[in-house]
Amino acid sequence: MGFFSKLFGLDKESEQPETVVEPVDYQGFQIYAEAKAVSSQFQVNGRICKEIDGELKTHDFIRSDLFMMPEDANEVMLRKARMFIDQMGEGIFD
Numbered sequence: 457m458g459f460f461s462k463l464f465g466l467d468k469e470s471e472q473p474e475t476v477v478e479p480v481d482y483q484g485f486q487i488y489a490e491a492k493a494v495s496s497q498f499q500v501n502g503r504i505c506k507e508i509d510g511e512l513k514t515h516d517f518i519r520s521d522l523f524m525m526p527e528d529a530n531e532v533m534l535r536k537a538r539m540f541i542d543q544m545g546e547g548i549f550d
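Read left to right, the sequence shown gives residues 457 to 550 (the working numbering).
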């Protein structure tokens with residue numbers, strides 16, 4: 457049924473609007489908290505970005521922590537990303 461749904465434009469997933477994530481600035485880095493749905497839970501997931509010498513550097517940030525609510529996963533993402541930045545600085549992108 458999934459093939460025919462997509463073929464005839466009845467795919468519910470494609471109808472959902474894409475969410476825009478606003479970054480949180482922290483010490484010159486931009487943190488994007490993007491909780492990832494895994495089964496009926498949400499995984500800590502996101503990106504840490506910074507422009508260095510005119511080039512946008514990005515580090516994908518994924519942890520195994522799972523939460524019932526995406527807001528909880530995003531809150532932990534921000535907290536862990538800040539600690540990671542404090543520990544590694546621009547070394548994140550090496």
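All residues carry an ideal CB built from backbone N, CA and C; glycine is no exception. No experiment lies behind these values; they were computed from the predicted model shown.
Query raised in the report: At what residues does the beta strand (DSSP E) containing residue 489 begin and finish?
Result: The residue given as residue 489 occupies position 33 in the sequence shown. Per DSSP, residue 489 belongs to the beta strand (DSSP E) from 485 to 489.
Query - Runs of alpha helix (DSSP H) lying entirely within the stretch 523 to 547, each at least 4 residues, in chain order - result: Counting whole runs of 4 or more residues, the stretch 523 to 547 contains the alpha helix (DSSP H) stretches 526 to 544.
Query raised in the report: Do you know offhand how far residue 510's Cα is from residue 545's?
Result: One-based indexing of the sequence shown puts residue 510 at position 54. One-based indexing of the sequence shown puts residue 545 at position 89. Note on geometry: alpha-carbon atoms of residue 510 and residue 545 lie some 17 Å from one another.
Report task. Could you check the C-alpha separation between residue 475 and residue 487 for me, to the nearest Å? Result -> The count along the sequence shown starts at 1 and reaches residue 475 at position 19. The count along the sequence shown starts at 1 and reaches residue 487 at position 31. Computed Cα separation, rounded: 16 Å.
Query raised in the report: Would you call the CB atoms of residue 504 and residue 537 closer than 7 Å?
Result: As a first step, residue 504 must be located in the sequence shown, where it is residue number 48. As a first step, residue 537 must be located in the sequence shown, where it is residue number 81. Yes.
**Report entry** Buried versus exposed, by CB contacts within 10 Å (16 or more), residue 499
**Finding:** Here residue 499 refers to the residue found at position 43 of the sequence shown. Buried, since its Cβ has 16 or more Cβ neighbours within 10 Å.
Requested in this report: Would you decide whether residue 470 is buried or exposed? Buried here means 16 or more other CB atoms lie within 10 Å of its CB.
Outcome: Within the sequence shown, the letter at position 14 stands for residue 470. Note that residue 470 scores 48 on pLDDT, short of 50, meaning its location in the model is unreliable and no value can be drawn from it.
Query - Delimiting residues of the beta strand (DSSP E) encompassing residue 507 - result: Position 51 of the sequence shown, counting from 1, holds the residue named residue 507. Start and end: 497 to 508.
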